[in-house]
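Top line first, the protein sequences correspond to chains A and B.
Using our numbering, the first residue of the first sequence is number 1, and each one after it goes up by one.
Using our numbering, the first residue of the second sequence is number 351, and each one after it goes up by one.
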Amino acid sequence: MSREQGNSIAKVSRRRALGYLGAWAVATGGGVFAGEAPPSPAPHGAAFEPMSSARPFTLGFIRPEALEPLSATWFRRLQRFLDSDVPFREALKREGYGSVGLVAAEGFNDLVRRMEVAPGLDCVFCPALAYCRQVGDYAVVFQLRGPNDRGRDKYIFQFGVILVNRHHPLYRAPRSRDEQVPRRLIARHFVSEPVALVSPYSAAGYVYPCHELFKAGIRAVPGQPIFCGSSEEVVKMVLSDVVGMGACEQGVAEDLLRRYAIPTPPEQLYDVLLTTPGSPTDPVVFRRRFSPDRSELGRRLKDLLGRFFSADRPGAIRLEDSEDSAFAALRAAWNEFETLSAETDALETR
Amino acid sequence: MKRVDRTNLALMAVIALFAVFALGLLFWLKGRFEREREETIAAVTRHFSPAVLGLPDDLERTFRFADLEQIYATLIPHNAYVRDIVVTKRIAGRGERIVLPFQYSLLHADWQARLSRLERHPLSSGDIEYGAIYFDFDHSRLNSVRLAIGSLAVLLVLVLAVVARRLYVQEAALTRTTVELEEKKRELVELERLSLAGRLSANIFHDIRKPLLNIRLEVEEIEAAGPAAEDLRGRTAAIRRQVELFFNILRDLNIERFIRGDQAGAEFVSVNELLERSCALVRYERGGVEVVANFTPNLPPVYAFPYRLMQVFSNIILNAYQAMGSQGRLTLTTLQEGGEVVVRIADTGPGIPPEHLPRIFEPFHSTRQNSGGSGLGLYISKGIVEDMGGRIAVAATGPEGTCFEVRLPVGRAPSDA
Numbered sequence: 001m002s003r004e005q006g007n008s009i010a011k012v013s014r015r016r017a018l019g020y021l022g023a024w025a026v027a028t029g030g031g032v033f034a035g036e037a038p039p040s041p042a043p044h045g046a047a048f049e050p051m052s053s054a055r056p057f058t059l060g061f062i063r064p065e066a067l068e069p070l071s072a073t074w075f076r077r078l079q080r081f082l083d084s085d086v087p088f089r090e091a092l093k094r095e096g097y098g099s100v101g102l103v104a105a106e107g108f109n110d111l112v113r114r115m116e117v118a119p120g121l122d123c124v125f126c127p128a129l130a131y132c133r134q135v136g137d138y139a140v141v142f143q144l145r146g147p148n149d150r151g152r153d154k155y156i157f158q159f160g161v162i163l164v165n166r167h168h169p170l171y172r173a174p175r176s177r178d179e180q181v182p183r184r185l186i187a188r189h190f191v192s193e194p195v196a197l198v199s200p201y202s203a204a205g206y207v208y209p210c211h212e213l214f215k216a217g218i219r220a221v222p223g224q225p226i227f228c229g230s231s232e233e234v235v236k237m238v239l240s241d242v243v244g245m246g247a248c249e250q251g252v253a254e255d256l257l258r259r260y261a262i263p264t265p266p267e268q269l270y271d272v273l274l275t276t277p278g279s280p281t282d283p284v285v286f287r288r289r290f291s292p293d294r295s296e297l298g299r300r301l302k303d304l305l306g307r308f309f310s311a312d313r314p315g316a317i318r319l320e321d322s323e324d325s326a327f328a329a330l331r332a333a334w335n336e337f338e339t340l341s342a343e344t345d346a347l348e349t350r
Numbered sequence: 351m352k353r354v355d356r357t358n359l360a361l362m363a364v365i366a367l368f369a370v371f372a373l374g375l376l377f378w379l380k381g382r383f384e385r386e387r388e389e390t391i392a393a394v395t396r397h398f399s400p401a402v403l404g405l406p407d408d409l410e411r412t413f414r415f416a417d418l419e420q421i422y423a424t425l426i427p428h429n430a431y432v433r434d435i436v437v438t439k440r441i442a443g444r445g446e447r448i449v450l451p452f453q454y455s456l457l458h459a460d461w462q463a464r465l466s467r468l469e470r471h472p473l474s475s476g477d478i479e480y481g482a483i484y485f486d487f488d489h490s491r492l493n494s495v496r497l498a499i500g501s502l503a504v505l506l507v508l509v510l511a512v513v514a515r516r517l518y519v520q521e522a523a524l525t526r527t528t529v530e531l532e533e534k535k536r537e538l539v540e541l542e543r544l545s546l547a548g549r550l551s552a553n554i555f556h557d558i559r560k561p562l563l564n565i566r567l568e569v570e571e572i573e574a575a576g577p578a579a580e581d582l583r584g585r586t587a588a589i590r591r592q593v594e595l596f597f598n599i600l601r602d603l604n605i606e607r608f609i610r611g612d613q614a615g616a617e618f619v620s621v622n623e624l625l626e627r628s629c630a631l632v633r634y635e636r637g638g639v640e641v642v643a644n645f646t647p648n649l650p651p652v653y654a655f656p657y658r659l660m661q662v663f664s665n666i667i668l669n670a671y672q673a674m675g676s677q678g679r680l681t682l683t684t685l686q687e688g689g690e691v692v693v694r695i696a697d698t699g700p701g702i703p704p705e706h707l708p709r710i711f712e713p714f715h716s717t718r719q720n721s722g723g724s725g726l727g728l729y730i731s732k733g734i735v736e737d738m739g740g741r742i743a744v745a746a747t748g749p750e751g752t753c754f755e756v757r758l759p760v761g762r763a764p765s766d767a
């Protein structure tokens, strides 16, 4: 390897390390400044600009891969965009805030905890399940809509699939009348072999597939789950035959094949065994007192977010108006899933 | 000769030094390329450690494709030595699976055969092989250097071969010239000896002329002294006839003047007569050769040195006799063509080999080097004829014989020209 390449790798590594350090600083700093305690100088000062004596308006999000393609860099741009809007800054001042601060949660539970525990977060880009799990006082304002997502009128859904590659025994397995592979057959493989999944908190990439098998009365907790972090990683795992079976969002595999210009027809590479019911896409929530119908700050923020997404749209994601009721079904499914899991665990223990 | 050798040796030394320097430089470059290539392999291999790929039974802490692609994007584009890499991971119970680029096996149904053509570097941790990197090396730079080394070596060999050939050709030419010089030297000695013999013959003819004159006078006086015995009278008459015959021969041939190369002035002469006298001059070499004379009567005279022209004709006739080896036919033809008298002397000998034909009028060229030929006869003849304003040439030659043609201007003194 040439020296230049070595240097570039070292630069990349350093940049990554600084990125993690910055994210940690943001998270830590955000946590400190979001508290009710009297404001004090930020310990590192990397996350907020400019510093002021007033506490920041916190914009929370989870580690980047959970909300891909919304990256930490994209959130920094959003932060600068909001800060640069004078009416918004004045609205913040009227509400007793200084500037906009970013809070990058380290994971799903961390984000839920930060949403629940005082002082909470003011505006959060969160996974749908995180919103359903937390018990804070938040109102859904938007839903993120990707190119594969469906629905309208404040109800945007994504579907989950269980797929296998062409080397898997269930590839082109006999179908029932509704064109589905018998769930008991799927479950047998689901629990006994490595399965690529998005994350334990992904509705389409974990909860709904398991829930669907549970509903059929099958104990379908994956015996060897491999959590890949994103649907795209799941598809790559399956198509490369590292694992034979995976669960992810619908449409990601087709996108991937298109993006990599793979000429083979999808049906010759993988087989979708099961499609789950639609689950709501990830929401953007405001602290309820900043709900646009109650607060000038909320209205202004909603307007700015809409404008920012129009101008800087990562991965063709759009913002769609939404409301809390769009997540009722997911919340119910989650509760049922937890209940069924607990029952199954109890049976297992006994 | 030594100077030429030194020049060639200096040239060869310069070429050899340059070639050694260039080859050294190229080998250094080749070594450098190969070293850097090895370093690249080591660096790429380091980036796919067990912490990145995971061991074969380690699927829960497995790699991320995004991370692998990021490493690839950092390492491979614009790499001087590696065109592409394919990374595989061993998975317990499943064998080797391609993880970078993930689409490789999807794009190439024969991916295993393709990988077998690439250079494989196993990834191992202790005794456990957890994957492999297949390198598609870019050999273009290394091949350029290899090509340059090969070309230079070939060029060096070619130059040395050319110089060696040049030396060989020079040496061969020198040897040939030396041999020819030695031969000509020997021929000159022979000519000198013949020349001396000729001059001596002239003196001898002159000297024996006097005693023979005295013998003839004595015989005439014996016969005039009165009647003698019949027997004695018959014997003196025989002596007188023999002496007369000798003088007739001398008169007819004018051999004395011929041998002396009589430098008397040019005159108008009859070519037919000179041809007859030339035949008579060399008749002792005739053997069984039939001589046919196709003379055109009443030819106009030519202005020439008669004895020199006789030397030309007798030389050609003598050559013809020797070529025919005492058997065959010699045809002498004279005729007039325009303002020229043409003499053709044709034999039925084996002809002149084509390779000798361009050189027969050159000095010291002879096809009878081992049978007394001096190689000067035709050369001298050509000079004599051209001095008289004429031309001499081989009109025809082949297996059926050779015909020499001499063309002389009709009755024109040089001053007339």
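Note that CB positions come from ideal geometry on N, CA and C, so glycine has one too.
Cross-chain neighbours of residue i in chain A, by beta carbon under 7 Å
| i | result |
| --- | --- |
| residue 415 (chain B) | 233, 236 |
| residue 452 (chain B) | 236, 239, 240 |
Residues that residue i bridges to, as DSSP identifies them
| i | result |
| --- | --- |
| residue 686 (chain B) | B:691 |
| residue 742 (chain B) | B:756 |
| residue 450 (chain B) | B:437 |
| residue 248 (chain A) | A:161 |
| residue 79 (chain A) | Paired residues: none, contrary to the question. |
| residue 617 (chain B) | B:654 |
Local Cβ density within 10 Å of residue i, reported as buried at 16 or more and exposed below that
| i | result |
| --- | --- |
| residue 350 (chain A) | For residue 350 (chain A), the pLDDT reaches just 49, beneath the cut-off of 50, and the residue's location in the model is therefore unreliable, leaving the point undetermined. |
| residue 50 (chain A) | Legend: pLDDT at residue 50 (chain A) = 47, less than 50; position of this residue unreliable, no value from coordinates given. |
| residue 337 (chain A) | buried |
| residue 371 (chain B) | exposed |
| residue 387 (chain B) | buried |
| residue 497 (chain B) | exposed |
| residue 439 (chain B) | buried |
| residue 732 (chain B) | buried |
| residue 281 (chain A) | buried |
| residue 302 (chain A) | buried |
Check whether residue i and residue j have beta carbons under 8 Å apart
| i | j | result |
| --- | --- | --- |
| residue 252 (chain A) | residue 232 (chain A) | yes |
| residue 149 (chain A) | residue 142 (chain A) | no |
| residue 631 (chain B) | residue 593 (chain B) | no |
| residue 300 (chain A) | residue 87 (chain A) | yes |
| residue 130 (chain A) | residue 201 (chain A) | yes |
| residue 761 (chain B) | residue 653 (chain B) | yes |
| residue 165 (chain A) | residue 241 (chain A) | yes |
| residue 160 (chain A) | residue 248 (chain A) | yes |
| residue 214 (chain A) | residue 340 (chain A) | yes |
| residue 649 (chain B) | residue 686 (chain B) | yes |
| residue 666 (chain B) | residue 629 (chain B) | no |
| residue 102 (chain A) | residue 59 (chain A) | yes |
| residue 256 (chain A) | residue 235 (chain A) | yes |
| residue 323 (chain A) | residue 274 (chain A) | no |
| residue 745 (chain B) | residue 694 (chain B) | yes |
| residue 355 (chain A) | residue 122 (chain A) | The shown model of chain A, from 1 to 350, leaves out residue 355 (chain A), and the question about it has no answer. |
| residue 755 (chain B) | residue 692 (chain B) | yes |
| residue 112 (chain A) | residue 89 (chain A) | no |
| residue 188 (chain A) | residue 181 (chain A) | no |
Beta-carbon neighbours of residue i, restricted to chain A and to distances below 9 Å
| i | result |
| --- | --- |
| residue 455 (chain B) | 239, 240, 241 |
| residue 483 (chain B) | What residue 483 (chain B) touches in chain A: nothing, since even the nearest Cβ is about 13 Å away. |
| residue 409 (chain B) | 194, 224, 226, 242, 243 |
| residue 357 (chain B) | Within 9 Å Cβ-Cβ: nothing; residue 357 (chain B) doesn't reach chain A, min ~48 Å. |
Per-residue contacts from residue i into chain B (C-beta, under 9 Å)
| i | result |
| --- | --- |
| residue 260 (chain A) | 451, 452, 453, 456, 457 |
Partner residues on chain B for residue i, Cβ-Cβ distance less than 8 Å
| i | result |
| --- | --- |
| residue 70 (chain A) | Near residue 70 (chain A) there are no residues of chain B at all, since even the closest Cβ is about 15 Å away, more than 8 Å. |
| residue 96 (chain A) | Chain B residues near residue 96 (chain A): none, gap ~41 Å exceeds 8 Å. |
Where residue i meets chain B, residues with beta-carbon distance less than 7 Å
| i | result |
| --- | --- |
| residue 160 (chain A) | Chain B residues near residue 160 (chain A): none, gap ~20 Å exceeds 7 Å. |
ask   = According to a CB-to-CB cut-off of less than 8 Å, which residues of the region 423 to 447 of chain B neighbour chain A?
value = 424, 425, 429, 430, 439, 441, 444, 447
- Going along the region 183 to 197 of chain A in order, which residues come within less than 7 Å of chain B, judged by CB to CB distance? 194
Check: Taking any Cβ of chain B, which residues in the region 167 to 183 of chain A have a Cβ under 7 Å from it, in chain order?
Finding: none
Please list the residues of the region 259 to 285 of chain A that have a C-beta atom closer than 7 Å to any C-beta atom in chain B, keeping them in chain order.
260, 262, 264, 269
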